[in-house]
Amino acid sequence: GQQLNQSPQSMFIQEGEDVSMNCTSSSIFNTWLWYKQDPGEGPVLLIALYKAGELTSNGRLTAQFGITRKDSFLNISASIPSDVGIYFCAGQLGNQFYFGTGTSLTVIP
Amino acid sequence: NAGVTQTPKFQVLKTGQSMTLQCAQDMNHEYMSWYRQDPGMGLRLIHYSVGAGITDQGEVPNGYNVSRSTTEDFPLRLLSAAPSQTSVYFCASSYTLDYEQYFGPGTRLTVT
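Okay, here's the thing in structure tokens:
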């Protein structure tokens, strides 16, 4: 299957700090999605990106679809305790979505 | 709208037993899919459907069957459960393939 390399694997940050995570792939994707998953819950969509170079914001979250279509990043500004969770990237290729292995975020109050 | 619903929430099976995980959506979405989530491996696609009557295999289809007789429902069948199928299973749907997917709450399956 397709490999999506997501980094970092985990982050421990102070409340109020900014966060940056990214996904890279050897394949070109048509769509990039970013999800957040809380323990015991299904992933919840944060941001969807449809065009190379697209930069989209959702509140304190900003994500970009890389120009090469092989990467994407997600930034979270001014982190708060409820940002804790696992963040997944996903790329769409053909009829399938492929997921990264996740970035676990811990916010220290 | 209820969104994507899954039942049961938890299930324990013995090796060799069969069962069906249920998934339903009320958003008139064409695209539906099943994933399994294992620690450290992210979500992996088992099967997907681009519309009623059409299904196809994903990355890890072995040991699972699906059918899509209606737009709303997309059940996942485990034919003969094995311990390697212990996982959390998520169903997802989207309007079409090109739109964002929405996930159900998951079914936590343990096979002993």
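In order, the protein sequences belong to chains D and U.
Under this note's numbering, read the first sequence as residues 1 to 109, first letter to last.
Under this note's numbering, read the second sequence as residues 1001 to 1112, first letter to last.
Where is the CB? At the ideal position from N, CA and C, for every residue including glycine.
{"Asked": "Below-8 Å beta-carbon distance, residue 101 of chain D vs any chain U residue", "Found": "yes"}
{"Asked": "Inside the segment 47 to 89 of chain D only - beta strand (DSSP E) runs reaching at least 3 residues", "Found": "55 to 58, 61 to 65 and 71 to 76"}
{"Asked": "Where residue 1080 of chain U falls: helix, strand or coil (DSSP)", "Found": "coil"}
{"Asked": "Buried or exposed (CB count within 10 angstroms, at least 16 for buried), residue 58 of chain D", "Found": "exposed"}
{"Asked": "Validate contact between the segment 1040 to 1050 of chain U and the segment 1022 to 1029 of chain U using beta carbons, cut 8 Å, 3 pairs", "Found": "no"}
{"Asked": "Three-state secondary structure assigned by DSSP to residue 1085 of chain U", "Found": "helix"}
{"Asked": "Three-way DSSP call (helix, strand, coil) for residue 14 of chain D in this model", "Found": "strand"}
{"Asked": "Distance, residue 1103 of chain U Cα to residue 1027 of chain U Cα", "Found": "12 Å"}
{"Asked": "Cross-strand partners of residue 91 of chain D (DSSP beta bridge)", "Found": "D:32 and D:98"}
{"Asked": "Closer than 7 Å at the beta carbon, the chain D residues around residue 1040 of chain U", "Found": "101"}
{"Asked": "At least 3 beta-carbon pairs within less than 8 Å: the segment 1090 to 1110 of chain U vs the segment 1004 to 1022 of chain U", "Found": "yes"}
{"Asked": "Residue closest to residue 25 of chain D, alpha-carbon to alpha-carbon, out of D:89, D:106 and D:47", "Found": "D:89"}
{"Asked": "Residue from U:1008, U:1088, U:1050 and U:1041 whose Cα sits closest to the Cα of residue 96 of chain D", "Found": "U:1050"}
{"Asked": "Candidates D:35, D:61, D:77 and D:55, of which the one nearest residue 67 of chain D by Cα", "Found": "D:55"}
{"Asked": "Where residue 48 of chain D meets chain U, residues with beta-carbon distance less than 7 Å", "Found": "1100"}
{"Asked": "Neighbour list for residue 1050 of chain U in chain D, Cβ cutoff strictly below 9 Å", "Found": "95"}
{"Asked": "is_contact[residue 1105 of chain U, chain D] using C-beta, thresh 8 Å", "Found": "yes"}
{"Asked": "Where residue 1012 of chain U falls, given that 16 or more other Cβ within 10 Å makes a residue buried", "Found": "exposed"}
{"Asked": "Proximity test, Cβ basis, 8 Å: residue 105 of chain D and chain U", "Found": "no"}
{"Asked": "Beta carbon proximity, residue 1010 of chain U to chain D, threshold 8 Å", "Found": "no"}
{"Asked": "Alpha-carbon to alpha-carbon, residue 1098 of chain U and residue 71 of chain D", "Found": "18 Å"}
{"Asked": "Status (buried if at least 16 other CB within 10 Å, exposed otherwise) for residue 44 of chain D", "Found": "exposed"}
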